[in-house]
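Oh and the sequence shown: position 221 is 223 in this note's numbering, straight run, nothing missing. No residue lacks a Cβ here, since even glycine has one placed at the ideal position from N, Cα and C.
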Amino acid sequence: MSLALTPARRRTAAAVLTAALLVPLAACGNDNDQKDGGSDSGKKASGGAAPKADLTVLAASSLTDVFKTAGAAYEKENPGTKVNFSFAGSQELAAQVKQGAPADALVTADTKTMDGLKSDAGTPSVIAKNRLVIAVGEGNPKKVAELKDLSDSKLKVVLAASEVPVGRYSKQILDDQKIDVKPVSQEPNVRAVLSKVELGEADAGLVYKTDAATATGKVDAIKIPDSENAIAEYPAATLKTSKHAEAAAAFVKWLSTPAAQKILQGAGFEKP
3 MSLALTPARR RTAAAVLTAA LLVPLAACGN DNDQKDGGSD SGKKASGGAA PKADLTVLAA
63 SSLTDVFKTA GAAYEKENPG TKVNFSFAGS QELAAQVKQG APADALVTAD TKTMDGLKSD
123 AGTPSVIAKN RLVIAVGEGN PKKVAELKDL SDSKLKVVLA ASEVPVGRYS KQILDDQKID
183 VKPVSQEPNV RAVLSKVELG EADAGLVYKT DAATATGKVD AIKIPDSENA IAEYPAATLK
243 TSKHAEAAAA FVKWLSTPAA QKILQGAGFE KP
């Protein structure tokens, strides 16, 4: 019997050999995919999460309540991350940054303060806006109706100091309306102004509308017309001394997301 292969038999043998060679290659490919956790799918699953870190965020006093809610929401979205806030007047926060206080991000109640920290902070982004109201005792016992009423010498008015953003905004709107107010005290932040009115130590004070909203049942808020008001902007930025730069950047970026904006606007802040 002849052992020579016919053309048909040669083609069949080649096909069998090719199939035999491809089987182990395919098996190797499957092993690699399993070890890599699914290649691209594994990268996508882990790539969207913010880096885990304990963050310290310096934030303006007027953000006290809303940021506690926002921080809890962020931690829930990013397990393993902890956000610690330090609240104070923006000018005090700026001084802390200049002195090298260990922190990862900063949110002020005005762009002027943030602009003074260009060598210490990254590029800021405005995350919210706010407006001023006249805070008075519950029931408005002194019958304050508008800004010009604050010039009444019989009225005990308290304002924030002029170096504080809310104090600067207050001076701006009073000067624009040519209203002369002699405050009984000038406070280091907006919450201190609100507290004076809450405790009855002042008849009226200028605060952000969001702060007045936190004291419902204790103070009333008298609206100031937009034509006489000022718009406060809240810029957020990472700090260059942060030891968690990537995680800090992720949090600052999150503040502009729909989830964070819903929390901010639910507390009365306006869209940036």
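Which of helix, strand or coil DSSP assigns to residue i
i, result
"residue 260", "helix"
"residue 203", "coil"
"residue 130", "strand"
"residue 166", "coil"
"residue 147", "coil"
"residue 265", "helix"
"residue 113", "helix"
"residue 2", "Nothing about residue 2 can be reported from this structure: the residues present for the chain run from 3 to 274 only."
"residue 47", "Reliability fails at residue 47, whose pLDDT of 32 lies under 50, so the model's placement of it is uncertain and the value that follows must be treated cautiously. Here residue 47 sits in helix by DSSP."
"residue 12", "With a pLDDT of 47 at residue 12, under the threshold of 50, the modelled position of this residue cannot be trusted; read the value that follows with caution. If DSSP states are grouped into helix, strand and coil, residue 12 belongs with the helices."
"residue 160", "strand"
"residue 152", "helix"
"residue 196", "helix"
"residue 103", "coil"
"residue 52", "coil"
Sub-7 Å separation of residue i and residue j beta-carbons
i, j, result
"residue 152", "residue 241", "no"
"residue 120", "residue 83", "no"
"residue 137", "residue 90", "no"
"residue 175", "residue 230", "yes"
Whole-Å CB distance - residue i paired with residue j, under 8 Å assumed
i, j, result
"residue 140", "residue 221", "6 Å"
"residue 223", "residue 131", "At roughly 17 Å, the Cβ-Cβ gap does not stay under 8 Å, so residue 223 and residue 131 are not in contact."
"residue 158", "residue 204", "5 Å"
"residue 162", "residue 199", "In fact, because the Cβ distance is near 12 Å, the residues do not count as touching under 8 Å."
"residue 99", "residue 60", "7 Å"
"residue 111", "residue 64", "6 Å"
"residue 244", "residue 250", "5 Å"
Limits of the unbroken beta strand (DSSP E) element including residue i
i, result
"residue 140", "From DSSP, residue 140 is part of no beta strand (DSSP E); its letter is neither H nor E."
"residue 189", "187-189"
"residue 57", "56-62"
"residue 84", "84-90"
"residue 233", "233-240"
Extent of the continuous alpha helix (DSSP H) to which residue i belongs
i, result
"residue 69", "66-79"
"residue 213", "211-215"
Worksheet item: Is there contact between the region 70-86 and the region 152-169, where contact requires at least three CB pairs shorter than 8 Å?
Response: no
Fill in: Cβ pair count under 8 Å reaching 3, the region 177-186 against the region 89-108
no
Item to complete: Pair every Cβ in the region 113-120 with every Cβ in the region 228-246, then say whether three or more of these pairs are closer than 8 Å.
Response: yes
Discussion item. Whether or not the region 256-272 and the region 206-226 are in contact is what I'm after, with contact meaning three or more pairs of Cβ atoms, one per stretch, closer than 8 Å; do they touch?
Written reply: yes
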